[in-house]
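*Asks:* Following my numbering, the numbering of the sequence shown begins with 1052 at its first residue and continues without gaps.
Before I ask anything, here is the structure I am working with.
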Amino acid sequence: MRKGKVALSILCLVVGFLSCNKDDGGGGITEIELRDRTEQQAKDKDSLIKYLSTHYYNAGDFEGNPNPKSADLIIKKVPESGILPNATDKVLYTDDGNNDNDAVKTKTVVFKETTYEFYILDLNPKETGTSPNFSDQIRLNYEGFTLDDKVFDSAVTPVDFDLVSLIPGWRKVMPFFKAAESFANNEDGTVDYMNHGVGVMFLPSGLAYFSQAQGGIPAYRSIAFKFDLFQTAIADHDNDGIPSYLEDINGDGEFTINTDADTKDGDDTDSDNIPNYFDLDDDGDGVPTINELESKTYSINTNQGEEEPVLGAKEFKISRSESEGIITLKTVTIKDSNSDGIDDYLDKDIAINYNE
Ligand SMILES: [Ca+2]
Ligand SMILES: [Ca+2]
Ligand SMILES: [Ca+2]
Ligand SMILES: [Ca+2]
1052 MRKGKVALSI
1062 LCLVVGFLSC
1072 NKDDGGGGIT
1082 EIELRDRTEQ
1092 QAKDKDSLIK
1102 YLSTHYYNAG
1112 DFEGNPNPKS
1122 ADLIIKKVPE
1132 SGILPNATDK
1142 VLYTDDGNND
1152 NDAVKTKTVV
1162 FKETTYEFYI
1172 LDLNPKETGT
1182 SPNFSDQIRL
1192 NYEGFTLDDK
1202 VFDSAVTPVD
1212 FDLVSLIPGW
1222 RKVMPFFKAA
1232 ESFANNEDGT
1242 VDYMNHGVGV
1252 MFLPSGLAYF
1262 SQAQGGIPAY
1272 RSIAFKFDLF
1282 QTAIADHDND
1292 GIPSYLEDIN
1302 GDGEFTINTD
1312 ADTKDGDDTD
1322 SDNIPNYFDL
1332 DDDGDGVPTI
1342 NELESKTYSI
1352 NTNQGEEEPV
1362 LGAKEFKISR
1372 SESEGIITLK
1382 TVTIKDSNSD
1392 GIDDYLDKDI
1402 AINYNE
């Protein structure tokens, strides 16, 4: 119980600090006028479409390439003549009304009651590999750049991120990509990834930093990132046994508290202002969520050719360890003991402790 509480109070502290800054007005802090999201999105869409329709990339270097990487990507401005250097080069966006003809695919999402468009370029479309959920952990290389083609941030050796802690655009984009098919550990400690996800995202400011100036980027700027997606892992932020992506109760791809306690429009079943993904007792019935799930331990002896079980539809891995060929796998299974369609951990009228 302690872990969730401590982490949450740090979060509140950070939020409190930011709002203090905003309120005091003076003291050298630049006041940024808060713009209307819909109006800003219209402007951002224009600048993004302008960028995409006046830039091309080296598509030929990615076709039939079995193991492409984002470092191979070259994006340049279309020359005045309109003639691209190589026959295989492709303009990112043609604005001919048919997105199928474009290199970048247009995606639409509602965020903060605003309809946003973002654009993705998939440089390694593939069938294999796992896609992250919007709330998962990812390992990747990336490079962020502005629409003036200036790099503002990058990581050339793999870094890990919690998608929940990033700008919203990343949560919207990453589920469209797949992590590596396989990887091999080298003797020098580096890892080789085979056939990993490679792409570019073009984000309006509303899915990026919006009103915040950040790392040399002024407020209200559309930005882009190219990336190599290597690995992904399902996150369970509060370690209550329920993967975080299943704790998005209203299905909007974000974690929020309720703005209305009656309709419960957010992701907070017991309306205690702690969203479920961070709440250790989601329904507030006094029994921690982890104890309202049925736990199971499997011992798999691979020396005798035993194989790991296929988990049930509502069964999730808690831990997995391996010693001398014996795999110990711990899982939890969501229960609905009175079969009313509301799982026990979300049903405040059911308080069965399966671990007692
Ligand atoms: Ca959880
Ligand atoms: Ca949500
Ligand atoms: Ca709650
Ligand atoms: Ca409970």
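All C-beta atoms in this analysis are idealised placements derived from N, C-alpha and C, irrespective of residue type, glycine included.
1) On the three-pair Cβ rule with 8 Å, is the region 1151 to 1169 touching the region 1084 to 1096?
2) Is it buried or exposed, Glu1114, if we count other Cβ atoms within 10 angstroms and call 16 or more buried?
3) Following the continuous beta strand (DSSP E) through Arg1190, name the residue where it begins and the one where it ends.
4) Counting only the same chain and skipping the five closest in sequence on each side, list residues whose C-beta sits under 7 Å from that of Ser1350.
5) Please work out which residues of its chain come closer than 6 Å, Cβ to Cβ, to Gly1267, disregarding the five sequence neighbours upstream and downstream, and give them in chain order.
6) Compute the beta-carbon to beta-carbon distance between Met1245 and Phe1228, rounded to the nearest angstrom, for a pair I have assumed lies under 8 Å.
7) Entirely within the region 1239 to 1266 and at least 3 residues each: give me those beta strand (DSSP E) ranges in chain order.
8) Rank Phe1281, Ala1154, Glu1357 by C-alpha distance to the C-alpha of Ala1206 and give the top, closest one.
9) The beta strand (DSSP E) that contains Ser1370, what's its start and end?
10) Excluding five sequence neighbours on each side, which residues of the same chain lie with their C-beta closer than 8 Å to the C-beta of Ile1134?
11) Which residue or residues does DSSP assign as beta-bridge partners of His1106?
12) Does Lys1381 come out as helix, strand or coil in the three-state DSSP assignment?
13) List the endpoints of the continuous alpha helix (DSSP H) containing Val1224.
14) Below 8 Å between beta carbons: does that hold for Ser1182 and Val1215?
15) Under 8 Å, do Lys1386 and Asp1394 count as touching if we go by C-beta distance?
16) Would you check if the distance between the CB atom of Ile1341 and the CB atom of Asp1291 is smaller than 8 Å?
17) May I ask you to verify whether the region 1354 to 1364 touches the region 1326 to 1346, counting CB pairs closer than 8 Å and requiring at least 3?
18) Check whether the Cβ atoms of Asp1299 and Asp1318 lie closer than 8 Å to each other.
19) Please write down, chain order preserved, every residue whose beta carbon lies under 5 Å from a heavy atom of ligand 1.
20) What are the boundary residues of the beta strand (DSSP E) that Lys1163 is part of?
21) Please list the terminal residues of the continuous beta strand (DSSP E) segment that includes Gln1282.
22) Report whether the distance from the Cβ of Ile1300 to the nearest heavy atom of ligand 2 is below 7 Å.
23) I'd like to know if the region 1304 to 1324 and the region 1247 to 1260 are in contact, where contact means that at least 3 CB-CB pairs between them fall below 8 Å.
24) Could you check whether Leu1143 and Leu1198 sit closer than 8 Å to each other, using their CB atoms as the reference points?
25) Locate the beta strand (DSSP E) running through Leu1344, then write down its first and last residues.
26) Nearer than 7 Å: is that true of the beta carbon of Glu1345 relative to any heavy atom of ligand 4?
27) State yes or no: is the C-beta of Phe1278 nearer than 7 Å to some heavy atom of ligand 2?
*Replies:* Taking the definition as stated:
1) yes
2) exposed
3) 1188 to 1197
4) Ile1377, Thr1379
5) Phe1203
6) With 8 Å as the limit, Met1245 and Phe1228 do not qualify as a contact, their Cβ atoms being about 15 Å apart.
7) Entirely contained in the region 1239 to 1266, the beta strand (DSSP E) runs reaching 3 residues are, in chain order, 1242 to 1245, 1248 to 1254.
8) Phe1281
9) 1366 to 1374
10) If the five residues before and after Ile1134 are omitted, its C-beta is found closer than 8 Å to no C-beta atom of its own chain.
11) Lys1128
12) strand
13) 1219 to 1224
14) no
15) yes
16) yes
17) Result no; under three Cβ-Cβ pairs closer than 8 Å.
18) yes
19) Counting every residue whose Cβ lies closer than 5 Å to a heavy atom of ligand 1, we get Asp1287, Asp1289, Asp1291, Ile1293.
20) Run containing Lys1163: none; DSSP gives neither H nor E here.
21) 1274 to 1284
22) yes
23) no
24) no
25) 1344 to 1352
26) no
27) no
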